[in-house]
Amino acid sequence: MRSTTSFSILITAAQPHLMNSNTTETKKEEQFKDWVREYADLLFSHAVLRGFDHEHARDLVQDTFLSAWKSMDRFEGRASVKNWLFVILKNKITDYYRKTQGRVNILLSQHNTQFDDAGHWAKPFYPKALTIDPAESQDHHDFHTIFESCSGKLNTIQKTVFFMKYMDDLESDDICLQLSLTPNNYWTILHRAKVQLRACLEKNWFLIRNL
Amino acid sequence: MKPISCKEAVDYILKKEEGKLSLLQRLSLWRHLATCSLCRIFAAQNALINRALKKRQQHVLPLSEDEKDKIIQSVLKDQKE
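Taken in order, these protein sequences are the chains called P and X. The letter at position 23 of the first sequence is residue 30 when you use our numbering, and the numbering goes up by one with no holes. The letter at position 80 of the second sequence is residue 81 when you use our numbering, and the numbering goes up by one with no holes.
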């Protein structure tokens, strides 16, 4: 008899709590869906602009929302939702880059052929004069396409350093710290990325304009 | 002041963007650029690339509603498992 009473008390006590948690659950899901619909585009664009292909970018966005969902209860609205999601995405991207660290030394040991032994421009790589500024011209769209394909050809660590610098506006000290690079490595990577990107743009854009 | 090579000049051009050049290095770069048209072209194109990088941030690439639904489903499914 005693046990039955305590059992029924348990049920009545549990019932309101159960209902309450169900509505909170639905509310949370609804809010989550709103966040995906509102911010997925921005996060996706950010990943693509950083040089990830569409499939990889989509995976990163999904991963970001998974983490967001798991820590949603701890998000107290102190930062804006957008900033919060971007912080998560950027952490995912940094994690990804850390995993590709092993390639740095291989990359740096490769001979840089754009300069001769005396440090002078090698003849095939002489920079050629440009006629117009594509970033300001009406052909901006063409330039954008060429730019994307050229920056897509940079290797992972080059892309990382490059976009941390130019998209996140981080300084070299910060970037070195985050990626555990020496300043020398950093400048070598940036140097080669710039020279390579410039050469690719020149071949595909500057020369077309000069025809 | 020792003359610098084109390779060093490119390094200096990049470091200058971050304000990481000493006065002496700035003078060396300036002197190199005064006599080297190739590096002047590089400097101009480098500036152009920087402008393009800034502009490019404004591009938004939309994900389809389908793909957003896929994200929602996979996250909520993951949670329930």
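Using N, Cα and C, we set each Cβ at its ideal position, and we do this for glycine too.
Cβ distance (whole Å) where residue i is taken to contact residue j below 8 Å
i                         : j                           : result
threonine 71 of chain P   : lysine 99 of chain P        : 6 Å
arginine 30 of chain X    : phenylalanine 51 of chain P : Reading off the sequence, residue 30 of chain X comes out as leucine, not arginine. Not a contact, Cβ separation roughly 40 Å.
valine 19 of chain X      : glutamate 178 of chain P    : Residue identity differs from the one stated: residue 19 of chain X is glutamate in this sequence, not valine. Going by Cβ atoms, the distance from glutamate 19 of chain X to glutamate 178 of chain P rounds to 6 Å, so yes, they are a contact pair.
alanine 125 of chain P    : leucine 161 of chain P      : In fact, because the Cβ distance is near 26 Å, the residues do not count as touching under 8 Å.
isoleucine 196 of chain P : isoleucine 164 of chain P   : 6 Å
methionine 171 of chain P : isoleucine 182 of chain P   : 5 Å
alanine 47 of chain P     : lysine 78 of chain X        : That belief does not hold up - the Cβ atoms of alanine 47 of chain P and lysine 78 of chain X are roughly 17 Å apart, past 8 Å.
Contact list for residue i against chain P, beta-carbon separation under 8 Å
i                       : result
serine 26 of chain X    : As written in the sequence, residue 26 of chain X is glutamine, which differs from the serine given in the question. Within 8 Å Cβ-Cβ: nothing; glutamine 26 of chain X doesn't reach chain P, min ~13 Å.
histidine 33 of chain X : Chain P residues near histidine 33 of chain X: none, gap ~11 Å exceeds 8 Å.
leucine 15 of chain X   : Trp194, Leu197, His198, Lys201
leucine 64 of chain X   : Ala47, Asp48, Phe51, Arg65, Val68
Where residue i falls, given that 16 or more other Cβ within 10 Å makes a residue buried
i                           : result
glutamine 74 of chain X     : exposed
phenylalanine 82 of chain P : exposed
leucine 186 of chain P      : buried
leucine 54 of chain X       : buried
lysine 34 of chain P        : exposed
serine 13 of chain P        : Confidence at serine 13 of chain P is low in this model, with a pLDDT of 47, below 50, so the placement of that residue should be treated as unreliable; the coordinate-derived value is given next. That one is exposed.
asparagine 47 of chain X    : buried
valine 43 of chain P        : buried
proline 4 of chain X        : exposed
arginine 9 of chain P       : With a pLDDT of 49 at arginine 9 of chain P, under the threshold of 50, the modelled position of that residue is not reliable, and the figure given next carries that caveat. Result: exposed.
leucine 184 of chain P      : exposed
lysine 106 of chain P       : exposed
valine 61 of chain X        : exposed
Straight-line gap, residue i to residue j (C-alpha atoms, nearest Å)
i                         : j                            : result
aspartate 12 of chain X   : glutamate 32 of chain P      : 56 Å
aspartate 67 of chain X   : proline 131 of chain P       : 48 Å
lysine 166 of chain P     : proline 190 of chain P       : 17 Å
leucine 56 of chain P     : glutamate 155 of chain P     : 8 Å
aspartate 180 of chain P  : asparagine 29 of chain P     : 48 Å
serine 87 of chain P      : phenylalanine 93 of chain P  : 10 Å
glutamate 209 of chain P  : serine 158 of chain P        : 13 Å
leucine 25 of chain X     : methionine 2 of chain X      : 8 Å
glutamate 45 of chain P   : lysine 56 of chain X         : 23 Å
leucine 34 of chain X     : lysine 77 of chain P         : 55 Å
aspartate 66 of chain P   : lysine 89 of chain P         : 18 Å
leucine 218 of chain P    : alanine 206 of chain P       : Low per-residue confidence applies at leucine 218 of chain P: pLDDT is 42, beneath 50, and the placement is therefore not dependable, though the value from the model is reported in the following sentence. When rounded, the distance between both Cα atoms is 17 Å.
cysteine 7 of chain X     : lysine 71 of chain X         : 51 Å
alanine 136 of chain P    : leucine 204 of chain P       : 15 Å
isoleucine 14 of chain X  : threonine 101 of chain P     : 27 Å
tryptophan 128 of chain P : phenylalanine 122 of chain P : 4 Å
arginine 41 of chain X    : histidine 53 of chain P      : 32 Å
Proximal chain X residues relative to residue i, where beta-carbon distance stays under 8 Å
i                        : result
lysine 97 of chain P     : The contacting residues do not exist; lysine 97 of chain P stays about 14 Å from chain X at best.
isoleucine 60 of chain P : Note on residue identity: the sequence assigns aspartate, not isoleucine, to residue 60 of chain P. Chain X residues near aspartate 60 of chain P: none, gap ~12 Å exceeds 8 Å.
valine 168 of chain P    : Under the 8 Å cutoff, chain X gives no residues; its nearest Cβ is about 11 Å from valine 168 of chain P.
lysine 135 of chain P    : Ile42
Strand pairing of residue i, partner residues [DSSP]
i                         : result
tryptophan 128 of chain P : P/Phe122
Chain X contact residues for residue i, given Cβ-Cβ distances below 7 Å
i                      : result
arginine 44 of chain P : Lys69
arginine 81 of chain P : Chain X residues near arginine 81 of chain P: none, gap ~15 Å exceeds 7 Å.
Within chain P, partners of residue i - CB distance below 7 Å
i                     : result
lysine 1 of chain X   : With chain X covering only 2 through 82, there is no way to say anything about residue 1 of chain X.
leucine 30 of chain X : Chain P residues near leucine 30 of chain X: none, gap ~14 Å exceeds 7 Å.
Contacts of residue i in chain X (Cβ-Cβ under 9 Å)
i                        : result
glutamine 151 of chain P : Residue identity check: residue 151 of chain P is histidine in the sequence provided, not glutamine. Chain X residues near histidine 151 of chain P: Ala53, Lys56, Arg57, His60.
Beta-carbon neighbours of residue i, restricted to chain P and to distances below 9 Å
i                     : result
leucine 22 of chain X : Neighbours of leucine 22 of chain X on chain P: none; closest Cβ ~12 Å, over 9 Å.
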